Each structure stands twice: as structure tokens, then as C-alpha cells.
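Counting from 0, one number per residue, gives the positions in the sequence shown under numbering that gives the first Met the number 0. Even glycine gets a Cβ: it sits at the ideal position worked out from N, Cα and C. Predicted model only: the values in this text are computed from it and were never measured.
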Amino acid sequence: MIDLHSHTTASDGQHSPAELLSLAASAGVTALAVTDHDTVAGLGEAAEAARAHGVELVPGIEVSAFVLKKEVHILGHFVRPDFPELASFSERLWVEREQRMERMVAQMRKLGFPVRMEEVRAIAGNAQLGRPHLARLLVERGWCLDVKEAFDRFLGAGKPAWTDRFKLEGRDAIRLIHRAGGTATLAHPGSSKLERYDILQLAREGLDGLEALHTDHNPSVQEKYLKFAKEFDLVTTGGSDFHGEQVTPGRRPGDSTTPPENFAKLRARAASARA
């Protein structure tokens, strides 16, 4: 099984890279992409654990960006973890995420929920701060039943505690990933409510793949994006988007996978770009 989308404690996942690789191996995953949000900090530990478990690690990242004012997530696969520009990008996003979380915590306090930055940081540990960390705090304090409710009531776009974020254009995210030696794949287009024209804009900028086979996509949604992938000559990928039981209950590594022939196509695109 080839799972090209997963997260660790380096961003908003529940499990360390070593724990994630152990879970993936136990689930029968043979190749796993670790794609933490806006950082490659967990890839060193992930590589060591992958060797120990006999799993192929696909070094990756998930970059948050925008196209036509819509937020999109672009997966980088086969990136070079030591590429200097990735490190500087991650440092910039680290500061931005800290500042954004401070604004969101202030919003929650205005709404009557006495949360503190120290509590959010305690949940995040050494990871870049993200909304799921605040969501987990709201669940721990008993104000929300689960992470989904926290997003639906408070943290999602346009909700009472939402604050805007740094906007990286989709074309710039694709170019960054390509400079780092990777391929750029649009993540969970159905969950992001993206339509044909949105994908067309990114395809024109050099997008390589489309994650049509995502855990949240039902068969009709998958079919819709499979057609777009064929139309725009994008490699169809699949991934579980696993974060851990506390963040995405009921989801396991390998729940959605990439066909081996598509994995080979994506690898070939990365090799061709580096040649």
C-alpha cells in the first residue's frame, strides 16, 4: 500500500514520526509520504524509522496557499529535506503561525472561553502551531465534543475565532516545491471545494498531481476529480491524510492509497525535473 499523505507532531499530527512509521508498517503500508504542514522538520526521524520498519519514505511537505482567493493545500513529494529555501520558508511560517494563534486565542477569550497560549503550546509541543492544536484544547476543556465541532463552531473560515493568515499564491508554492526537487500535487480538492477552473489555474502553473483518492472523498467526488486529472494530465494520487485518533477519529494509515503505476509516474516526474 502506498499512502502519500500523513502528518506527525512536527505539525498538527498526534504521533511522532517514529510512531507514525510504526503505525503505518503495522497497517501494511509499504511506502509513506510524511507531509507535515509547511515544515520538513520531522523527516529526519521519519527516515530513520522508515529504515527500521522496511517502509519506503517519500519526503514531503504540505504547503498552504491560495488560488483565486480560495485556500488550497499543495503536497510536495520527493522534496530534498535539506534544501535551504524550505528551511527559510518554514521559519517564516513558524513566526506567522505563532502570531496568528495569538490572535485566535484572543478571539476565543473575547467569546468567553479563557484559553491561554501556554495551553495551546503544551498541546503542540515542538510543532508549528496550527488550528488543530487549539481545537484539541477546546475538546480537552469540554467546550467541544470533538475537533470537527471546534472547527465548525469557532475555527473554520468565517467562524467567530477565525483570523486571516499569510497568503502564498498557489503558483509560488508549486515553484518552491519544484525548486526543492519535488512534485506538486493538489491535496483533497473535494474537501477544499475546488472546481474545474481552480484546478486549471494550478495546472497551468505546473501542477503535477491531483489527490482524487482522499479519505474524505466519496465515490462520486472521486470520479469528478479523476476526470479532471485525466483532462489536465495530472497524476492521480491517494492518501489517508492521517493525523491521529485525537485529530481525525476513525482514520488509519493506508485508508486511501495511490496505485503503484501512478506512484511510478509521480516518481518519474520528480526524476525528470531533477535531470
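With DSSP as the reference, label residue i as helix, strand or coil.
i, result
"Gly-288", "Look at the range of the chain in this structure, 0 to 274, and you will see that residue 288 is not part of it."
"Leu-74", "strand"
"Glu-90", "helix"
"His-132", "helix"
"Ala-275", "Nothing about residue 275 can be read from this structure; the chain reaches only from 0 to 274."
"Ala-263", "helix"
"Glu-194", "coil"
"Leu-185", "strand"
"Asp-151", "helix"
Less than 8 Å between the CB atoms is what I'm expecting for residue i and residue j, so what's the real figure, rounded?
i, j, result
"Arg-170", "Glu-204", "4 Å"
"Ser-239", "Pro-252", "5 Å"
"Pro-58", "Leu-42", "5 Å"
"Glu-84", "Arg-178", "6 Å"
"His-72", "Ala-32", "Contact doesn't hold; Cβ gap of about 13 Å is too wide."
"Asp-215", "Ser-191", "10 Å between Cβ atoms; not a contact."
"Leu-154", "Ala-160", "6 Å"
"Val-94", "Ala-172", "Val-94 to Ala-172, Cβ: 18 Å. No contact."
Is it true that the CB of residue j sits closer than 7 Å to the CB of residue i?
i, j, result
"His-6", "Asp-37", "no"
"Glu-44", "Ala-17", "yes"
"Thr-256", "Asp-2", "yes"
"Arg-99", "Thr-162", "yes"
"Leu-185", "Val-66", "no"
"Thr-182", "Ala-263", "no"
"Ala-48", "Ala-126", "no"
"Leu-212", "Gly-180", "no"
"Val-78", "Val-146", "no"
"Phe-241", "Arg-195", "no"
field: Ordered list of alpha helix (DSSP H) runs contained in the region 196-241, each at least 4 residues
entry: 218-230
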